[in-house]
Structures are given as structure tokens and as C-alpha cells.
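Under our numbering, the first residue of the sequence shown is numbered 1207, with each subsequent residue one higher. Note that CB positions come from ideal geometry on N, CA and C, so glycine has one too. Being a predicted model, the structure only gives us computed values, none of them experimental. Since the structure comes first, as C-alpha cells, the remarks are kept for the end.
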Amino acid sequence: MTQRGRLYGCPVEFALDALGGKWKTVILARIKQGPMRYSELRRLIPSLSDKMLTQRLADLVEIGFVVLETSSDGKGRYALTGRGHDIAAALQALYDWGSVHGRAEGVRFRTDIEAAA
1207 MTQRGRLYGC
1217 PVEFALDALG
1227 GKWKTVILAR
1237 IKQGPMRYSE
1247 LRRLIPSLSD
1257 KMLTQRLADL
1267 VEIGFVVLET
1277 SSDGKGRYAL
1287 TGRGHDIAAA
1297 LQALYDWGSV
1307 HGRAEGVRFR
1317 TDIEAAA
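Structural data, given as C-alpha cells:
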């Protein structure tokens, strides 16, 4: 997680620190598709534990990438903030790169399996 006033070597270092690891980017990539309930995220990212999902969502809210919106029925949905939308283009670039280079190396993706079902 980023620290106010910290000296970074370059903007890329700051961006990677803000994204802070595998799970934040995976969660953001899912929420980028549209606001999602906790249970939807849990179903879409089955290898992520409840504890880790809760912690990473709290981190994303704290750094301003995600907000928890409460609807009139009292159910919450996580949605990207303006700052979250700003990072979406970078996530799309990572997705595109991973898709091309992963397939070239014979990697399979959960989205491929879901689409075939």
C-alpha cells in the first residue's frame, strides 16, 4: 500500500505499489466489468479466501479505487471510483498482454473454460 510522502523511484513503482500484488488487480479486473456484490466476487474468484477478499476490498476502498455502494434494499455492491476507472486502461493493457503471451505459452484461463460451458 502506498505511503503519503514516500519517495518513489518512478511513477511505475508508485502505480505497482498502489495495486499491491495479485489479488487487488484480479478484483479490480472483475469490478471493471460493472458493480458487483461480495458474493459475486467470491464466486468469480474461487481461489481467493473470504479473509483475503475482505482484506483486499478494504484496501481498495481505503486507497480510493473502489467504493461500497448500498442500494435501497440494503445490499452493497462494490464499484470503481473515478480513480478506479483511471487505472482500468492499465489493467486492460495487462489483460491484453497476458492473453496474447499466456496463450502463446499454452496457458489456459478460467474465462476460456466458462465461455466453453
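Check: CB contact flag (S1243, Y1284, <9 Å); Outcome: Strictly speaking, residue 1243 in this sequence is Arg, with Ser absent from that position. Yes, these two residues count as a Cβ contact at 9 Å.
Check: Beta-carbon gap between L1259 and L1234 smaller than 9 Å; Outcome: no
Check: Exposure of W1303, with buried meaning 16 or more beta-carbon neighbours within 10 Å; Outcome: exposed
Check: Closest residue to G1282 among L1250, S1245, G1211 (Cα-Cα distance); Outcome: S1245
Check: Short Cβ contact (9 Å threshold) for A1295 with A1221; Outcome: no
Check: Three-state secondary structure assigned by DSSP to L1247; Outcome: helix
Check: Neighbour-count burial assignment, V1218, 16 or more Cβ in a 10 Å radius; Outcome: exposed
Check: Exposed unless 16 or more other CB atoms sit within 10 angstroms - verdict on A1310; Outcome: exposed
Check: Residue from L1286, S1305, G1280, K1257 whose Cα sits closest to the Cα of R1330; Outcome: Within the shown structure, residues of the chain are numbered from 1207 to 1323, placing residue 1330 beyond reach of any answer.
Check: CB-CB length for K1230 against R1210, believed under 8 Å; Outcome: That belief does not hold up - the Cβ atoms of K1230 and R1210 are roughly 18 Å apart, past 8 Å.
Check: For G1308 and R1289, believed in contact at Cβ under 8 Å, the rounded distance; Outcome: In fact, because the Cβ distance is near 28 Å, the residues do not count as touching under 8 Å.
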